[in-house]
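S.K.: Numbers given in our numbering equal positions in the sequence shown, counted from 1, plus 3.
Where is the CB? At the ideal position from N, CA and C, for every residue including glycine.
This structure is a prediction, so every number in the text was calculated from the model and none was measured.
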Amino acid sequence: MGLTGRAMAQDVESFYRGKQVRIIVGFSSGGGYDQYGRLLARHISKHIPGVPNVVVQNMPGAASLKSLQYLDAGAAPDGTTIVTFNPGLILGSLTAPQKTPIDFRNFSWIGNISEDVRVCFTWHARGMRDWKAFLARDNVVFGNTGVGTSAYLDDRMLHMLYDGERVSAEHALQAGMIEEIVPHDQLMERVNSFARKIATGPAVAIELTKRLAYRAWESPSLSEHAQYEQYLWTFSRSTSDYVEGRRAFQERRSPNFTGGPVEE
C-alpha cells in the first residue's frame, strides 16, 4: 500500500477531522485486492486521528499501474489517498523502467496487509499428483491475470527454468525479464558499472539473498525453504541496513548502507 503527501500545515487530528480518505484499489471489484481494500476501509479510520470517512474506489488498468500513475500525478498530495497495487510493479520499476515508469520514492510506504508464499497449482483432472508427473508432461498451460503481474513473472521463470526454452534478448527485454541489451563492445564497462552499483547496496541483504537462492536447490520441501526464507527475513530486520532503508524511503533520499548490526 502506498500513500501520497503528508498533512503538514496543521496537526494531524484537525486535518483529518471531517475529511474523506480514499482507498484506491488497482483492480476490479470482487478480487483479492478489492476484498483486502474493503476490509482495510472498515477498520483503518479508527486508527487515524480525527476519524475521517474512508471510501473504496476501484481503478483497474495495466495490472494496477494505472492506479499508481494516478497517485503519482493526479491525486492531491495531502495524505488522503491510499492505493493498493500489485507489488510486482516494484520489481518492474527496477528491471523494466520503460514499462513501469514509476518512482516509488515519491510515495510514503504504509505497509502490507498480508504476507504469502506463492505456489503454482494445476487442476486435479490433469492427473499431475506430484512433481515427477509435472516434469513428465510435454505441455502445461498456466493462466495469468496480465503481463507484468507477479504471477506472470513467476510463470515465465518457471517456464524457462524447467522447459529449457531459449528466448531472444529482445523478447526477454519486452517481457521485463532483463533491464537492457548491451552491445558486446560495451559489456565489460556495463558489468563493472553494475558491480559498483551492487557494492553500494545493502551488503547483508545481498548475501542473504544469495544464500536463499543456493539453498533453494538443496531444500527437500517447499515448507522447509519457506521457513528458511522467514528466518533470513527476520535476521535481516535486525540490521542497521534495514533501518536505514526504511528511513531513507520515508524521507525520499538515497540510503547510506553500512552493512552492520542495528545500533542501539
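What's the call for Phe124, buried or exposed, on a 16-neighbour Cβ count within 10 Å?
M.R.: Label assigned to Phe124: exposed.
S.K.: Just the C-alpha distance for Ile51 and Asp133, rounded to the nearest angstrom, thanks.
M.R.: Taking the straight line from one Cα to the other gives about 48 Å.
S.K.: Alpha carbon to alpha carbon, what distance is there between Trp112 and Thr84?
M.R.: Distance between the alpha carbons of Thr84 and Trp112 is about 12 Å.
S.K.: Measuring alpha carbon to alpha carbon, tell me which of Met62, Ala229, Glu183 ends up nearest Phe197.
M.R.: With distances taken between Cα atoms, Phe197 lies closest to Glu183.
S.K.: Using C-beta distances below 7 Å, list every residue in its chain close to Asn147, excluding the 5 sequence neighbours before and after it, in chain order.
M.R.: Excluding sequence neighbours, Asn147 sits near Ala154, Tyr155, Asp158.
S.K.: Unbroken alpha helix (DSSP H) runs of length 4 or more, entirely within the stretch 63-113: which are they?
M.R.: Listed in chain order, they are 68-76, 91-98.
S.K.: Provide the residue span of the beta strand (DSSP E) that contains Asn61, from first to last.
M.R.: Looking at the DSSP string, the run of the beta strand (DSSP E) that includes Asn61 is 56-61.
S.K.: If you follow the beta strand (DSSP E) that Val28 is part of, which residue opens it and which one closes it?
M.R.: Segment 23-28, the beta strand (DSSP E) holding Val28.
S.K.: Expressed to the nearest angstrom, what Euclidean distance is found between the alpha-carbon atoms of Pro104 and Ser96?
M.R.: Taking the straight line from one Cα to the other gives about 6 Å.
S.K.: Classify Leu42 as buried or exposed, calling it buried when 16 or more other Cβ atoms lie within 10 Å of its own Cβ.
M.R.: Exposed: under 16 other Cβ atoms inside 10 Å.
S.K.: Hey, which unbroken runs of the alpha helix (DSSP H) at 4 residues or more fall wholly within the stretch 194-232?
M.R.: As far as the stretch 194-232 is concerned, its whole alpha helix (DSSP H) runs of at least 4 residues are 206-219.
S.K.: Counting C-beta neighbours from all protein chains within 10 Å, is the total for Arg9 16 or more, i.e. buried, or is it exposed?
M.R.: Any answer about Arg9 is weak, because its pLDDT of 49 lies below 50 and its placement is not dependable; what the coordinates show is given next. Under this definition Arg9 is an exposed residue.
S.K.: Just how far apart, CA to CA, sit Val170 and Val122?
M.R.: C-alpha separation (whole angstroms): 24 Å.
S.K.: Cβ of Phe260 within 8 Å of Cβ of Arg108?
M.R.: No. Outside cutoff.
S.K.: Just checking, does the stretch 58-74 make contact with the stretch 15-29 on the three C-beta pairs under 8 Å criterion?
M.R.: Result yes; three or more Cβ-Cβ pairs closer than 8 Å.
S.K.: Just reading off the alpha helix (DSSP H) that Arg41 is part of, what are its end residues?
M.R.: Per DSSP, Arg41 belongs to the alpha helix (DSSP H) from 35-46.
S.K.: Starting from the Cα of Ala175, find the closest Cα among Met160, Pro186, Asn195 and give me that residue.
M.R.: Per the Cα distances, Met160.
S.K.: So Glu247 is in the alpha helix (DSSP H); what residue range does that whole segment cover?
M.R.: Where Glu247 is concerned, the enclosing alpha helix (DSSP H) stretches over 243-254.
S.K.: Out of curiosity, what's the CA-to-CA distance linking Val144 and Leu225?
M.R.: Val144 and Leu225: Cα-Cα distance of roughly 22 Å.
S.K.: What does a CB cutoff of less than 6 Å around Val207 pick up in its chain, not counting 5 residues either side in sequence?
M.R.: Closer than 6 Å at the Cβ level, and outside the excluded window around Val207, lie Thr242, Asp244, Gly262.
S.K.: Cα-Cα, which of Arg45, Ser70, Tyr234, Leu190 is closest to Leu211?
M.R.: Checked all of Arg45, Ser70, Tyr234, Leu190; the closest Cα to Leu211 is Tyr234.
S.K.: Give the range of the alpha helix (DSSP H) segment to which Glu16 is assigned.
M.R.: Per DSSP, Glu16 belongs to the alpha helix (DSSP H) from 15-19.
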